[in-house]
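Residue numbers (our numbering): 2 to 56.
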């Protein structure tokens, strides 16, 4: 899936998300699976999108 942190796309995927985002700084995590929800991200979001919002 595509990982997005506060609107910024992480090109390294899960590895970057785990290494760059301290757990204590996470406010919310939203998993987008439906085509209608991921359409804004185009082809990059075709396998789903995980949006992480920081505090």
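We treat Cβ as the ideally placed atom computed from N, Cα and C, and that holds for glycine.
Should residue 26 and residue 56 be called a contact, given that it needs their Cβ atoms to be closer than 9 Å? Here residue 26 is taken as the residue at index 25 of the chain shown, counted from 1. Here residue 56 is taken as the residue at index 55 of the chain shown, counted from 1. One thing to note: residue 26 has its Cβ within 9 Å of the Cβ of residue 56.
Could you give the C-beta distance for residue 53 and residue 30, rounded to a whole number, given that I count them as a contact under 8 Å? Here residue 53 refers to the residue found at position 52 of the chain shown. Here residue 30 refers to the residue found at position 29 of the chain shown. In this structure, residue 53 and residue 30 form a Cβ contact; the two beta carbons are roughly 5 Å apart against a cut-off of 8 Å.
Which value, in whole angstroms, describes the spacing of the CA atoms of residue 21 and residue 13? Translated into the one-based positions of the chain shown, residue 21 becomes position 20. Translated into the one-based positions of the chain shown, residue 13 becomes position 12. Taken atom to atom, the span from the alpha-carbon of residue 21 to that of residue 13 is near 10 Å.
Could you tell me the alpha carbon to alpha carbon distance between residue 28 and residue 40, rounded to whole angstroms? Numbered from 1 along the chain shown, position 27 holds the residue referred to as residue 28. Numbered from 1 along the chain shown, position 39 holds the residue referred to as residue 40. If I take the Cα positions, the gap works out to 24 Å.
Just checking my contact of residue 33 with residue 50 at CB under 8 Å: how many whole Å lie between their CB atoms? Along the chain shown, one-based indexing puts residue 33 at 32. Along the chain shown, one-based indexing puts residue 50 at 49. At roughly 4 Å, the Cβ-Cβ gap stays under 8 Å, so residue 33 and residue 50 are in contact.
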